[in-house]
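Worksheet: the structure to be examined is printed underneath.
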Amino acid sequence: MILSVRDLEVTFRAGPWFNRRPIVAVAKVSFDLDAGETFAIVGESGSGKTTLAHAINGLQETSNGEVLFMDEKVDVSRSRAVKPLRRHMSMMFQDPVGSLSPRMKVGDLVAEPFIIHKIRKNLKEEVQRLLSLVGLSGDFADRYPHQLSGGQARRIGVARAIALEPELIIADEPTAGLDVSVQGEVLNLLSDLRERLGLAMIFISHNLHVVHHVADRMAVMYLGRIVESGNTEEIFGAPAHPYTATLLSAIPNPDPDKVRERISLSSEVPSLLNRPSGCEFHTRCPWAHERCSTESPYHQNSGLRRVACHAPLDPGAQPPCAERAG
Amino acid sequence: MYEAASKLLNSLRRVIAEPLGAVGLILVIGMIAAAIFADLLAVHDPTSISPRDRFMEPSVAHLLGTDQLGRDLFSRVLHGGQIALTVALISIAVSLIIGVVLGLIAGYGPSWLDNSMILLFDAIKSYPTVMLALALVTLFGPSLTAVMIVVVLVNVPGYARIIRTQTLALKSSQFVASAQSIGASTARVLRVHILPNSIGPLLILASMDIPVVIAIEAGMSFLGLGVRPPTPSWGSILNDGFTAIRDTPWIAIAGGVPIILTTLGFTFLGETLRDIFDPRLKTQA
Chain A
-7 MILSVRDLEV
3 TFRAGPWFNR
13 RPIVAVAKVS
23 FDLDAGETFA
33 IVGESGSGKT
43 TLAHAINGLQ
53 ETSNGEVLFM
63 DEKVDVSRSR
73 AVKPLRRHMS
83 MMFQDPVGSL
93 SPRMKVGDLV
103 AEPFIIHKIR
113 KNLKEEVQRL
123 LSLVGLSGDF
133 ADRYPHQLSG
143 GQARRIGVAR
153 AIALEPELII
163 ADEPTAGLDV
173 SVQGEVLNLL
183 SDLRERLGLA
193 MIFISHNLHV
203 VHHVADRMAV
213 MYLGRIVESG
223 NTEEIFGAPA
233 HPYTATLLSA
243 IPNPDPDKVR
253 ERISLSSEVP
263 SLLNRPSGCE
273 FHTRCPWAHE
283 RCSTESPYHQ
293 NSGLRRVACH
303 APLDPGAQPP
313 CAERAG
Chain B
128 MYEAASKLLN
138 SLRRVIAEPL
148 GAVGLILVIG
158 MIAAAIFADL
168 LAVHDPTSIS
178 PRDRFMEPSV
188 AHLLGTDQLG
198 RDLFSRVLHG
208 GQIALTVALI
218 SIAVSLIIGV
228 VLGLIAGYGP
238 SWLDNSMILL
248 FDAIKSYPTV
258 MLALALVTLF
268 GPSLTAVMIV
278 VVLVNVPGYA
288 RIIRTQTLAL
298 KSSQFVASAQ
308 SIGASTARVL
318 RVHILPNSIG
328 PLLILASMDI
338 PVVIAIEAGM
348 SFLGLGVRPP
358 TPSWGSILND
368 GFTAIRDTPW
378 IAIAGGVPII
388 LTTLGFTFLG
398 ETLRDIFDPR
408 LKTQA
């Protein structure tokens, strides 16, 4: 086991000083990750995916729980202790161009991990090697980030992330903002490197197609909680949580003959400042019954497949209420 | 070493390639050269009084004429330039260093520190320059050092505020998070990622402040708080000329034109340098 996240909680404070209210962005998240495994985290915008990624990397202070990486605690308040861990864990950020320092040349950006960790190597050679590894020619070393396309910038992000041959890469929306053909290229590059270097990956995305394609296991987040987690194939085959079923039913299907019932949700995502009681999905759940609005299901954890629901769905279940179903 | 020199030469070439930059560079170099070689260029003693030669029009003997005490204006302008440039460059450089350090601390540090520093900056800024000058001169006596301390006090809050604002905006940017996720120390984040991205506007402001400083020096010299009378300064020459501007305009011109040319020179140079050092504004070669 390379990474273990235990009851992780991230709380922000919002509002004027006389009325500070806590916003729980990530609530009681637990999961484990084995070496070489790819774990996907999916969920809609604002579900706490990125905050969770930052917390795992030690960029975000946590209010509860702990992150153990290679049996060491990732503790934001002790930056000296976190620094050696970061040699083995790297991160790719959402915005491909925005995550590259605008006044540094690509060569310096790719060499930065070696400089920070004081690894003596022939940096020029190393930069050329990494650039060719991510499929870019050596001339790119003299370019500035603003002279790169989104796909090229993403490749530089990949080069930076794999420079120190980490055990774990946290990829936050690695395909966001790229057009479909470039998305494919980046994904192939990532899975290629993953096989060659044997690295584990946390893959954050809201692109379910991509997740199905790359992840061994996955977790679905809703309002900062993991509502369902398990083997990717199993979840895609038979989603047990109504929210997962809703997400999966929203995937556009390229096959015109295959008509799939789409489950649509009527109401908006509840505010994090005003979390619903009981099961937090009950305000939108087509299958919700009385018990859901009072009793919290978030303790039902057993085995590899975890579902936080009072009444997990049977395979192929259709929503009961006609007016809620689309 | 070689690389640094070739880099400098390269940027110099690019400054000259811009018409504004070339004009600015010529003016600035001319002013600095005139100040450095003032003793060689000025044939007359800038402080020797000769009542018989007072209010003489520009001629071959006195290139810019003479003032109300018969002192050669050309010599006075050259020596005044020495003082003006020394005061301006030293005090701006000191203000920049202090302002950048304080701004980075305020912007990157905890919010209580930021708030108290901003309060202090605003408190200093709320004093009129002349009041500060008077207070300092009462404490230390009139001198060039007093002028420079006033300039530093007046400039640091503004400089620090600019860097602070930029730092605040940049510290939550993804490239800073990216550097932190690799393990970059706070010092490295500030030095390599935040400072180069925030100093541009400050350098422009500072280069445009040089003439302001020259004006502060002139103003204080006029009030007797800076350079004292026999020593020449552009400000005091300009002020000497004011009283007699109808009859003998060349005195005011001799004091005013160098101020204008220096202002233009540093402004042009500053703007060109900004264009060159911001790769986003760079045109593809």
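Which chain is which? The protein sequence lines are A and B, in order.
Per this note's numbering, the first sequence runs over residues -7 to 318.
Per this note's numbering, the second sequence runs over residues 128 to 412.
We treat Cβ as the ideally placed atom computed from N, Cα and C, and that holds for glycine.
Looking only at its chain, what residues have a beta carbon closer than 7 Å to the beta carbon of residue i, apart from the 5 residues adjacent to it on each side?
| i | result |
| --- | --- |
| A:Ile227 | Met210, Glu220 and Thr236 |
| B:Phe349 | Gly362, Ser363 and Asn366 |
| A:His274 | Pro268, Ala280, Cys284 and Ser285 |
| A:Phe4 | Ile15 and Ala17 |
| A:Gly40 | Ala17, Val18, Met213 and Gly216 |
| B:Gln195 | Arg181, Phe182, Asp367 and Ala371 |
| A:Ala207 | Thr30, Phe31, Ala32, Phe195 and Thr224 |
| B:Ser218 | Met275, Val278, Val279 and Val340 |
Could you work out which residue in the options is closest to residue i when comparing CA atoms only?
| i | options | result |
| --- | --- | --- |
| A:Arg(-2) | A:Glu36, A:Arg5, A:Ser39 and A:Ile48 | A:Ile48 |
| A:Met96 | B:Leu322, B:Leu329 and B:Gly197 | B:Leu322 |
| A:Lys110 | B:Gly230, B:Val221, B:Asp199 and B:Gly310 | B:Gly310 |
| A:Gly90 | A:Gly149, A:Val18 and A:Ile194 | A:Gly149 |
| B:Asp180 | B:Ala273, B:Asp199, B:Met275 and B:Leu266 | B:Asp199 |
| A:Ala151 | A:Gln139, A:Leu185, A:Thr167 and A:Asp134 | A:Leu185 |
| A:Pro166 | A:Ser124, A:Phe195, A:Glu282 and A:Glu1 | A:Phe195 |
| B:Ser305 | A:Arg254, A:Lys20, A:Ile108 and A:Arg298 | A:Ile108 |
| A:His204 | A:Pro231, A:Gly143 and A:Ile(-6) | A:Pro231 |
| A:Pro278 | A:Val34, A:Val299, A:Arg254 and A:Leu125 | A:Arg254 |
| A:Gly28 | A:Val119, A:Leu160, A:Gly38 and A:Leu115 | A:Leu160 |
| B:Ile326 | B:Ile343, B:Pro356 and B:Tyr286 | B:Tyr286 |
| A:Gln175 | A:Ser197, A:Ala133 and A:Arg188 | A:Ser197 |
| B:Pro178 | B:Ala165, B:Gly197, B:Ser312 and B:Asp172 | B:Gly197 |
Under three-state DSSP, which class holds residue i?
| i | result |
| --- | --- |
| B:Phe393 | helix |
| A:Met83 | strand |
| B:Asp336 | helix |
| B:Thr193 | strand |
| A:Asn110 | Checking the displayed sequence, the identity of residue 110 of chain A turns out to be Lys instead of Asn. Looking at A:Lys110 - three-state DSSP - the assignment turns out to be coil, as it is neither helix nor strand. |
| A:Arg254 | coil |
| A:Asn223 | strand |
| B:Gly285 | helix |
| A:Asn56 | strand |
| A:Phe273 | coil |
| A:Asp164 | strand |
Classify residue i: buried if its beta carbon has 16 or more other beta carbons within 10 angstroms, exposed otherwise.
| i | result |
| --- | --- |
| B:Leu443 | Shown here, chain B extends from 128 to 412; a query on residue 443 of chain B therefore has no answer. |
| B:Ile156 | exposed |
| A:His46 | buried |
| A:Arg13 | exposed |
| B:Tyr254 | exposed |
| B:Met244 | buried |
| A:Val74 | buried |
| B:Gln411 | Low confidence applies to B:Gln411: its pLDDT is 43, below 50, so where it sits in the model is not reliable enough to give any reading. |
| B:Trp377 | buried |
| B:Ile372 | exposed |
| B:Asn324 | buried |
| B:Ser238 | exposed |
| B:Leu400 | buried |
| A:Thr238 | buried |
Anything in chain E within Cβ reach of residue i, meaning under 7 Å, just list it in chain order.
| i | result |
| --- | --- |
| A:Pro8 | Considering every chain present, this structure includes no chain E. Its protein chains are A and B. |
Please return the same chain residues whose Cβ sits closer than 8 Å to the Cβ of residue i, not counting the five positions on each side in sequence.
| i | result |
| --- | --- |
| A:Pro158 | Arg79, His80, Met81, Ser82 and Leu191 |
| A:Lys113 | Phe106 |
| A:Ser259 | Thr275 and Arg276 |
Cα separation between residue i and residue j?
| i | j | result |
| --- | --- | --- |
| A:Ile162 | A:Met84 | 6 Å |
| A:Asp87 | A:Gly169 | 8 Å |
| B:Val319 | A:Leu101 | 11 Å |
| B:Gly203 | B:Gly383 | Residue identity check: residue 203 of chain B is Arg in the sequence provided, not Gly. If I take the Cα positions, the gap works out to 13 Å. |
| A:Asp306 | A:Tyr290 | 19 Å |
| B:Gly351 | B:Asp374 | 25 Å |
| A:Ser129 | A:Asp164 | 25 Å |
| B:Thr256 | B:Met347 | 10 Å |
| B:Leu329 | B:Gly226 | 10 Å |
| A:Val202 | A:Ala133 | 30 Å |
To which residues of the same chain is residue i closer than 6 Å at the C-beta, ignoring the five residues directly before and after it?
| i | result |
| --- | --- |
| A:Cys301 | His233 and Pro289 |
| A:Phe31 | Leu25, Ile194 and Arg209 |
| B:Trp234 | The sequence shown places Gly at residue 234 of chain B, not Trp. Correct list, in chain order: Arg291, Thr294 and Leu295. |
| A:Leu242 | Going by the sequence as given, residue 242 of chain A is Ala instead of Leu. Cβ neighbours of A:Ala242 beyond the five flanking positions: none. |
| B:Ile143 | Ala149 |
| B:Asp249 | none |
| B:Asp241 | Ala233 |
| A:Gly318 | Caution is warranted here: a pLDDT of 38 is assigned to A:Gly318, below 50, making its placement in the model unreliable, and the coordinate value is therefore given only provisionally. Arg254 and Ser256. |
Consider the C-beta atom of residue i and the heavy atoms of the ligand MN; say whether any pair is separated by less than 7 Å.
| i | result |
| --- | --- |
| B:Ser243 | By its list of ligands, the structure shown contains no ligand whatsoever, and the ligand MN lies outside what it can speak to. |
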